[in-house]
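J.: Shown below is the structure under consideration.
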Amino acid sequence: MKLLDNLGKDKRRESLRSFAVKHDALDELSSEFQEIFRDTIDPGEKIHHILTAPSQNVLDPEKRFLFRVGWTTTPEWRIVMTDQRVLIVSIKKDAPKPKLTEICFEDVLSMTLGKILLYGWLEWRWTQNNQVQKMQVFFNTVEERLFGQLIKEICRYRIDQAGLTAGESAQGLHFLDDLPYKFKNLIANRLLQDDEVIEAFVFSPAVWIRKLGLFRSLEKPAFALMRTNYHVLVMREDYGAVGGKYGVVYKYFPLDTVADAQLEQSEDETRIKLILQNDGIEDSVRFTFNLQEIPEGVSKLKTLINTD
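Encoded structure:
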């Protein structure tokens with residue numbers, strides 16, 4: 160019995176080690192990481208958050224074989240967020256030394272927060288060295304709030320820097336009245352800033368196709384696209400490689416990086432193309448809509464992108 164008790168304790172310890180941890184000071188990190196961050200942080204730069212994100216086993220669509228999906232092991236990360244930037248040290252199992260990545264708030268083009276089952280990820284896209292850079296950090300969703308806070312503070316920094324005007328308390332929530340409850344609840348309570356107002360909105364339901372007359376396959380997940388006084392925001396379902404409604408993805412595009420928005424129409428598809436720009440460096444992303452399910456579809460899309 161004692162052996163079983165100890166085995167249970169070991170399993171609990173192993174589970175806890177997979178959770179992200181928030182630290183109160185750099186002193187709580189190992190001396191190696193303390194040195195990296197102390198050498199990088201400028202005098203007068205204030206530290207807001209210090210996190211450890213342990214390695215995770217995550218589903219890897221590239222390892223799909225027939226109906227089975229493989230898993231991959233991520234690096235682990237030490238993250239320090241200051242009042243100006245995010246500093247991320249990634250540690251790969253077979254790498255000779257840790258790698259430092261610096262993301263200045265003012266260079267951020269977009270941010271994505273996603274989660275499926277027990278793991279989540281935070282992705283930044285930003286401009287650096289005349290290129291668009293990309294960085295993903297994975298974490299156990301038990302501590303999702305820690306990573307959501309990073310996004311919220313970066314968003315607020317960009318809002319203040321751009322001098323954007325705060326909205327009314329109503330937030331334009333009437334746009335959400337006819338949405339599925341999942342979208343209505345998460346957009347209102349998780350996606351929007353407290354003083355953020357929805358100005359234009361489009362919802363595209365999921366599109367399924369039948370295969371062999373028996374099985375359904377997801378062609379496009381349900382998603383909501385909105386323009387606010389601060390951002391272009393997206394919320395979509397993530398069915399993941401396991402094929403169930405287990406996930407959700409939030410995308411944040413600061414309004415001051417959206418250089419243009421274009422409506423692209425073909426015989427089969429209608430898309431919105433967002434062109435993002437910072438210091439002359441461009442990035443772009445497209446969203447495809449099922450207009451048959453959107454009342455007054457084209458006119459709604461034109462309103463969303465301010466197209467005459």
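The sequence shown maps to residues 160 to 467 in this note's numbering. The beta-carbon is built from N, C-alpha and C at its ideal position, and this holds for glycine as well.
Give, in chain order, every unbroken run of the beta strand (DSSP E) that is at least 3 residues long and sits entirely within the stretch 290-324.
T.: Correct list: 290-299.
J.: Enumerate in chain order the residues of its own chain whose CB-to-CB distance from A212 is below 6 Å, with the five nearest sequence positions on each side excluded.
T.: Position 53 of the sequence shown, counted from the first residue, corresponds to residue 212. A179, W236, V296 and F298.
J.: Would you be able to state if there are at least three C-beta pairs under 8 Å between the stretch 192-210 and the stretch 304-317?
T.: Touching, yes, given that three or more Cβ pairs across the two stretches are closer than 8 Å.
J.: Consult DSSP for E265 and reduce its assignment to one of helix, strand or coil.
T.: By 1-based counting over the sequence shown, the position of residue 265 is 106. Looking at E265 - three-state DSSP - the assignment turns out to be helix.
J.: State buried or exposed for L460, treating a residue as buried only when at least 16 other CB atoms are found within 10 Å of its CB.
T.: Position 301 of the sequence shown holds residue 460. Burial call: buried.
J.: Residues in its own chain within less than 7 Å of K343 by CB, not counting five upstream and five downstream?
T.: Indexing the sequence shown from 1 puts residue 343 at position 184. Contacts found: L335.
J.: Looking at S363 and N465, is the spacing between their C-beta atoms short of 8 Å?
T.: In the sequence shown, counting from the first residue as 1, residue 465 sits at position 306. In the sequence shown, counting from the first residue as 1, residue 363 sits at position 204. Cβ atoms of N465 and S363: not closer than 8 Å.
J.: Per DSSP, what kind of secondary structure is D442 in: helix, strand or coil?
T.: Taking the first residue of the sequence shown as position 1, residue 442 is located at position 283. Three-state result, D442: strand.
J.: Whole-angstrom Cβ separation of I443 and I434, contact assumed at under 8 Å?
T.: Position 284 of the sequence shown holds residue 443. Position 275 of the sequence shown holds residue 434. Reading off the sequence shown, one finds Ser at residue 443, where the question assumed Ile. The pair is a contact, with the Cβ atoms about 5 Å apart (cut-off 8 Å).
J.: For D242, collect the residues of the same chain with a Cβ closer than 7 Å to its Cβ; drop the 5 residues on either side in sequence, then sort them by chain order.
T.: The residue you call residue 242 lines up with position 83 of the sequence shown. E204, K205 and H207, listed in sequence order.
J.: Could you compute how far the alpha carbon of G406 sits from the alpha carbon of A321?
T.: Here residue 406 is taken as the residue at index 247 of the sequence shown, counted from 1. Here residue 321 is taken as the residue at index 162 of the sequence shown, counted from 1. Their Cα atoms are separated by approximately 32 Å.
J.: If we ignore side chains and look at the alpha-carbon of each, how far apart do A365 and D397 end up?
T.: Numbered from its first residue, the sequence shown carries residue 365 at position 206. Numbered from its first residue, the sequence shown carries residue 397 at position 238. Cα to Cα, the separation comes out at about 11 Å.
J.: Under a Cβ-count criterion, where at least 16 other Cβ atoms within 10 Å of its own Cβ denotes burial, should C263 be classed as buried or exposed?
T.: If you number the sequence shown from 1, residue 263 lands on position 104. Exposed, since its Cβ has fewer than 16 Cβ neighbours within 10 Å.
J.: Excluding sequence positions up to five away, which residues of its chain have a Cβ less than 7 Å from the Cβ of N437?
T.: Numbered from 1 along the sequence shown, position 278 holds the residue referred to as residue 437. Correct list, in chain order: D266, L268, T286 and T416.
J.: Taking the CB atoms as reference points, tell me whether Q215 and T233 lie closer together than 8 Å.
T.: What you label residue 215 is simply residue 56 of the sequence shown in a count that begins at 1. What you label residue 233 is simply residue 74 of the sequence shown in a count that begins at 1. Contact: yes.
J.: I'd like to know whether the C-beta atoms of A347 and R386 end up nearer to each other than 8 Å.
T.: Taking the sequence shown and counting its residues from 1, the one referred to as residue 347 is at position 188. Taking the sequence shown and counting its residues from 1, the one referred to as residue 386 is at position 227. No, they are not a contact pair.
J.: With a CB to CB cut of under 6 Å and the five nearest residues on each side skipped, what residues in its chain are close to L225?
T.: Reading the sequence shown from its first residue, position 66 is the one you call residue 225. A caution first: L225 carries a pLDDT of 48, below 50, which makes its placement in the model unreliable, though a value can still be read off. Within the same chain, L225 has no close Cβ partners at all.
J.: To which residues does DSSP link A184 through a beta bridge?
T.: On the sequence shown, position 25 is the one that residue 184 refers to. DSSP output for A184 lists no bridge partner at all.
J.: Under 6 Å Cβ to Cβ from I357, same chain only, skipping five residues before and after it: list those, please.
T.: Here residue 357 refers to the residue found at position 198 when the sequence shown is read from its first residue. Same-chain partners within the cutoff: G331, F334, M385 and T387.
J.: Quick one: what does DSSP say Y340 is sitting in, helix, strand or coil?
T.: Residue 340 sits at position 181 when you count from the first residue of the sequence shown. Looking at Y340 - three-state DSSP - the assignment turns out to be helix.
J.: With a threshold of 16 other CB atoms inside 10 Å of the CB of L309, please say whether the residue is buried or exposed.
T.: Looking up residue 309 in the sequence shown gives position 150. Buried, since its Cβ has 16 or more Cβ neighbours within 10 Å.
J.: Hey, out of K311, Y340, I238 and G439, whose CA is closest to I247's CA?
T.: As a working mapping, residue 247 is identified with position 88 in the sequence shown. The candidate whose alpha carbon is nearest that of I247 is I238.
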